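Numbering (the working numbering), first residue to last: 1296 to 1425.
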């Protein structure tokens, strides 16, 4: 459900115990589990998105990234703190709804971009956690 301005309103937002995903449920019944890796590489921060589409940065090596904290920002967003030190992305409710809804498409695009640049989801020298 959206309000008159078209904003999606969450009814629940929760960081999973293993810190590898965020669950968000919205009025109207939509609910998504969004992986921390996708949230990190799609962060709305200027560091990732730049100041124009041409400035967007491809972020590699984040397969094992964790969400350390989710801090409310007013009544419109949440700031996610990741264990790699990234903390400047403010995720609006609308963006989280979009990321949840489109996560398969966005993740596929991310993997294609990594492959095109011969980059990996794994950090250099990383040992995969399970």
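All residues carry an ideal CB built from backbone N, CA and C; glycine is no exception.
Fair warning: this is a prediction, and the values are worked out from it, not measured in the lab.
(1) When the Cα atoms are used, what is the spatial distance from residue 1361 to residue 1369?
(2) Beta-carbon within less than 8 Å of residue 1399's beta-carbon, same chain only, minus the 5 sequence neighbours each way: which residues are those?
(3) I'd like the span of the alpha helix (DSSP H) that includes residue 1278, first residue to last.
(4) Give me whichever residues DSSP pairs with residue 1419 in a beta bridge.
(5) Can you tell me which of the three DSSP states residue 1339 falls into?
(6) Does the beta-carbon of residue 1405 have 16 or more other beta-carbons within 10 angstroms, so that it is buried, or is it exposed?
(7) From residue 1298 to residue 1323, what distance separates their C-alpha atoms?
Based on what the coordinates show:
(1) C-alpha separation (whole angstroms): 23 Å.
(2) Answer for residue 1399: no residue qualifies.
(3) Residue coverage of the chain in this structure runs from 1296 to 1425, which leaves residue 1278 outside it and unanswerable.
(4) Under the DSSP definition of a beta bridge, residue 1419 lacks any partner.
(5) Residue 1339 falls in the coil class under three-state DSSP.
(6) The residue is buried, with at least 16 neighbouring Cβ atoms inside 10 Å.
(7) Bear in mind that the predicted position of residue 1298 carries a pLDDT of just 48, short of 50, making it unreliable; the figure below should be weighed with that in mind. Rounded to whole angstroms, residue 1298 to residue 1323 spans 11 Å at the Cα level.
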